[in-house]
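J.: So the sequence lines, in the order shown, correspond to chains A and B.
Numbered per the working numbering, the first sequence spans residues 1 to 443.
Numbered per the working numbering, the second sequence spans residues 1001 to 1483.
Every residue gets a Cβ at the ideal spot worked out from N, C-alpha and C, and that includes glycine.
The structure presented is a predicted model; accordingly, all values stated were derived computationally and were not measured.
The structure's right below; bear with me while I get my questions together.
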Amino acid sequence: MDSAAREALARRVLERSGADQTEVLVWSGNDELTRFTHNLVHQNVAASDVSVRVRAVVGKRSGVAATNVLDDADLDDAVQRALRIAQLAPEDPALSDLPRGGKTEAPEGAYSAETADATPHLRAQMCDEIFKTAEERGYWCAGFVTTTTGGVTIRNSSGACASFDGTDSGVNVKMNAGDSTGFAEGYDNDVVRLDARAIGITSAEKASASAHPIAVDPGPWTVILEPAAFGELVTYLVEHFSAQAFDEGSSFMSDGLGKLYLGENVTIQDDYAHPLNPSMPFDYEGQPTQRVTLVENGVGKNVVTDSYWAAKLGRENTGHALPAPNAYGPQARHVVVSPGRKPLAELVADTKKGLLVSRFWYIRTVDQKRAIVTGMTRDGTFLIEDGAITSGVRNMRFNQSIIEALRHCEFGNALHRTGGYSYSLVAPAAKIDGFTFSSGTEF
Amino acid sequence: MSFDAFAARALDTAASRGAGYADVRFENARSERIEVRNGVVATLSDASTCGYGIRALVDGAWGFAAASDTTSKGIDRTAARAVDIAKAGAAIARSRIGRVPPRAYTDSYATPVRRNPHEVPLGDRVSLLLAAEKALHVSPKITVGRAWIDLWRTHKIFYSSLGSRIEQTLQQSGSGIEAMALGEGEVQTRTFPGDIGLYKAGGWEVVEQAHLEENAPRIAEEAVALLSAPQCPSGVFDLILGGSQVSLQIHESCGHPAELDRVLGWEANFSGVSFLEISQLGKLKYGSDAVTIVIDNTLPEALATVGYDDEGTKSCQSDVIRNGMLAGYEMSNDTAQLIGRESNACVRAQNWEFVPMIRMCNLNLLPGDRPFENLFDDVKDGVYMESNRSWSIDDHRLNFQFGCEIAWEVKHGKRGRLLKNPTYAGMTPKFWNSCDAIADERSWVAWGTPNCGKGEPMQTGRTAQCASPARFRNVQVGVGYDG
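Structural data, given as structure tokens:
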């Protein structure tokens, strides 16, 4: 469904509502993914849907209902359910008016017709290139190739109307080589720019280089985290940048903005228009999203807000609302960590003794306020001695405060987009001193 | 057009396009959530989603397509798309992976519900949560109070080209409370029941079983007390885990490694593989003799109970660990046939949009023979932990580290002072072999996990691990904190 059809659908719904204020959110999506293991496609899927979410506001009360059945009767039912819920809800004195929105423009590169038109046969060709890379080496691979298309329209009774159409694509490969594995990934809004064969080769080279991994002692290590590893670590800081966490005391910046929290070389922004990750230019209330500097030279500068938290804290609405209803508060959804000066190879060359980490796994928060997290290395961990990689290393568990890590770090000069099932961000490689590993494994 | 006619059209289209086997699953799911946060109703929503997913098997390759477009053209287009996707996979296949299920069923199933939750007035549901959340604010140090109810109803009909027609109406319900206390440079959180709430198959009676308001002051007082409690010490101790933490331990270190798709490498790039191998069936001493863990997808109150799984296989009971020995896996039709067995109905899809895959369902640790209080006997120096706060395990499901919200020192058989930030770590088989006592059925609870992630695209599964508290000897405690 294109933006004109979504906007017409949103207007149809808006016209049905008798609430004091109404917001209509229309999603259209087509998600396709070809997944493989043992050099064979085993899950090959596509799903398309259009859904409508209605937020009705009556005085200081609100309710939300959603449906994906788009006939008049079901749309009426959704509107009436939202209204009925709003009428029964207790008042929220802090509830603000729905925002009026504003002019927005999709960042360049957010949509690719080639990605939108990608077929299962194109994805199969890309998989086949990766399979051949594995077979040439006697390895087997697991991973996926995905292409997605999504559209969002938000229209409300305050006059906001915003639409966005975007595409995305990704390749993810874990190469398996006997007693070692290697990982590589690539994401781009335009599938044409993804080189599946190159990604497969990178993963194979990592698997080869980490063969016969040795055990090293746990304890504090100098680590160089490749962007996939560093990016996943950074995702556990994202909720600290929310106005809600800031106000409630669970953010590491809750002691106040304007204070030095991290190393002076650390700058973190939220930038929906970054060329490596161009995304929706407004939030799920239709408010234009601002580019926000969260940390500048180590100093906590800003938190992100939505209409509710902007009004509650007397701050500007930065346009970072999640879809209503939302108990999690506003969120930074497009984090970018600024790069440093040295290429990754130079970071390695400058390291007397350390570990190079390709990827982390199963990071979880151990201590919220101090941002202590635990997790495992995975799919390519290497020993660095005298500036050179000398061996693969068996995987290890770490326990580390991200705040402490970002007080003793140095960044690579190249930015990469990295992603997982719940995040997409832009990050460089990071070299961190005193990164604490607590135990090892046999693989 | 009726569901039967829709299904016939979808299956006919798939066959005419070249599918050797096809099935279609229609679903209409409704989710209601209420969440109160600091006296304000932060979430009050009622969402429904309706659609269908079609699986087509062509030359041993699967294709899956899902859509919400229930017009005749939409059905035709989606069935053809499933076949086209299967053909794309078949064109580069080195071997055949998909297999036709062995049998068909015509049947129906409905979750036993004592009180339909949707008939409880919305005002009453909100009032219950407002009262429970208010009761959390026992101190100014409680800066965040939360209380929530989730109600999920799913109606689905499964048809296959073998002739299956299975209609199911499922009801799942859950609720919980949480208090966050803010101190000098730290926060402490307590949740009840368990670490995520109490989630079961059933209706309003599940919400009533939680007794939220009654327990709110105690939970909040514990959160405040934790701020001034001593740090849990580091060292090797005997460890007693509360029932919900045992449930989490089963989930992460038994449920996931025993998924046969992981064992076979089908989840290798994302949620990982398993330390288990097919050849270890009947040979690996997974746990002590006290440990018997069974799949029981027929237990009426457990969260993952259904009549049939999403491949159309009838729910059943089977062993995963019997008296400590590895006895079986959670299986789908494809994977079971690869090891010469039949599926034990452990296949689920998050909803109509997602392809069915192996999921942990109800995986239950059978209760022991002594009251909970007796677990403390003959523990000279130990720690008792409750309610999960942090969980992490490697991609082979061996090296784990879990943290809990709260702990108590155990000295000479008695529960002593409160301890904060408790964590423990271990290796899966060694840990389960250190289990020497499990509390009896009086403290056995059907703990539900409503948020299990697996697969790509990632799917959220609803699982259950029925468990009672258990005791483990000589466990590494106090990992991850520097004091």
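1) Taking Cβ positions only, does residue 161 of chain A come closer than 8 Å to chain C?
2) Pull the bridge partners of residue 444 of chain A from the DSSP assignment, please.
3) Once DSSP output is grouped into helix, strand and coil, what is the label at residue 1256 of chain B?
4) Counting C-beta neighbours from all protein chains within 10 Å, is the total for residue 136 of chain A 16 or more, i.e. buried, or is it exposed?
5) For the region 371 to 390 of chain A, which residues have a beta carbon sitting closer than 7 Å to at least one beta carbon of chain B?
6) Expressed to the nearest angstrom, what Euclidean distance is found between the alpha-carbon atoms of residue 1302 of chain B and residue 1318 of chain B?
7) Start and end of the alpha helix (DSSP H) containing residue 1198 of chain B?
8) I need the straight-line Cα distance from residue 411 of chain A to residue 265 of chain A, nearest angstrom please.
9) Residue ranges of each beta strand (DSSP E) run of no fewer than 3 residues wholly in the region 235 to 298 of chain A, ordered along the chain?
10) Alpha carbons only, please: which of A:313, A:361, A:19, A:335 is nearest the one belonging to residue 1269 of chain B?
11) Can you tell me the Cα-Cα spacing of residue 112 of chain A and residue 263 of chain A, whole angstroms?
12) Does residue 1046 of chain B have its Cβ less than 8 Å from a Cβ in chain A?
13) Using the C-alpha atoms, what's the distance from residue 130 of chain A back to residue 196 of chain A?
14) Verify the CB distance criterion: does residue 1392 of chain B have a CB-CB separation below 8 Å to chain A?
15) Where residue 1176 of chain B and residue 386 of chain A are concerned, what is the direct C-alpha to C-alpha distance, given to the nearest angstrom?
16) Could you pull the start and end residues of the beta strand (DSSP E) that residue 319 of chain A belongs to?
17) Taking residue 1398 of chain B as the reference, which of B:1435, B:1425, B:1029 has the closest Cα?
18) What residue range does the beta strand (DSSP E) around residue 1414 of chain B cover?
19) Could you tell me the distance, in whole angstroms, from the CA atom of residue 1433 of chain B to the CA atom of residue 403 of chain A?
20) Using 8 Å as the Cβ pair cut-off and three pairs as the minimum, do the region 28 to 41 of chain A and the region 1084 to 1093 of chain B touch?
21) Who are the Cβ neighbours of residue 208 of chain A in its own chain at under 8 Å, not counting the five residues just before and after it?
22) In chain order, what residues of the region 32 to 44 of chain A put their CB closer than 9 Å to some CB of chain B?
23) For the region 1092 to 1101 of chain B and the region 1061 to 1068 of chain B, state whether three or more C-beta atom pairs, one from each stretch, are separated by less than 8 Å.
24) To which residues of the same chain is residue 1150 of chain B closer than 6 Å at the C-beta, ignoring the five residues directly before and after it?
25) Taking just the CA atoms, how far does residue 1475 of chain B sit from residue 1374 of chain B?
26) Assign residue 437 of chain A to one of two classes, buried (16 or more other C-beta atoms within 10 Å of its C-beta) or exposed (fewer than that).
27) Taking only runs of the beta strand (DSSP E) that begin and end inside the region 1102 to 1151 of chain B, which ones reach a length of at least 3 residues, in chain order?
28) Could you compute how far the alpha carbon of residue 1156 of chain B sits from the alpha carbon of residue 1233 of chain B?
29) Taking residue 1254 of chain B as the reference, which of B:1004, B:1009, B:1199, B:1463 has the closest Cα?
30) Taking one C-beta from the region 390 to 397 of chain A and one from the region 1282 to 1290 of chain B each time, how about it: are there three or more such pairs within less than 8 Å?
31) So with CB distances below 9 Å, who are the chain A contacts of residue 1221 of chain B?
32) Helix, strand or coil, according to DSSP, for residue 1283 of chain B in the structure here?
33) Residue 345 of chain A: which of A:80, A:225, A:7 sits nearest, CA to CA?
34) Find the residues of chain A that neighbour residue 1064 of chain B, judging by a C-beta separation of less than 9 Å, and give them in chain order.
35) Taking 8 Å as the cut-off, does the region 1202 to 1210 of chain B touch the region 1390 to 1407 of chain B (at least 3 CB pairs, one atom from each stretch)?
36) Leaving out five residues on either side along the sequence, give the residues of the same chain with a beta carbon under 8 Å from the beta carbon of residue 49 of chain A.
T.: In short, the structure shows the following:
1) Considering every chain present, this structure includes no chain C. Its protein chains are A and B.
2) Since the first residue of chain A shown is 1 and the last is 443, residue 444 of chain A is not available in this structure.
3) coil
4) exposed
5) 372, 374, 375, 376, 378
6) 15 Å
7) Looking at the DSSP string, residue 1198 of chain B is not in any alpha helix (DSSP H); the run it does join, the beta strand (DSSP E), is 1198 to 1201.
8) 8 Å
9) 268 to 270, 292 to 296
10) A:361
11) 38 Å
12) yes
13) 6 Å
14) yes
15) 54 Å
16) Here residue 319 of chain A belongs to no beta strand (DSSP E), and DSSP marks it neither H nor E.
17) B:1425
18) 1414 to 1419
19) 37 Å
20) yes
21) 137, 177, 180, 182
22) 32, 33, 34, 35, 36, 37, 38, 39, 40, 41, 42, 43, 44
23) yes
24) 1033, 1174
25) 19 Å
26) buried
27) 1106 to 1110
28) 51 Å
29) B:1463
30) no
31) What residue 1221 of chain B touches in chain A: nothing, since even the nearest Cβ is about 19 Å away.
32) coil
33) A:225
34) 43, 44, 45, 46, 47
35) no
36) 27, 28, 29, 68
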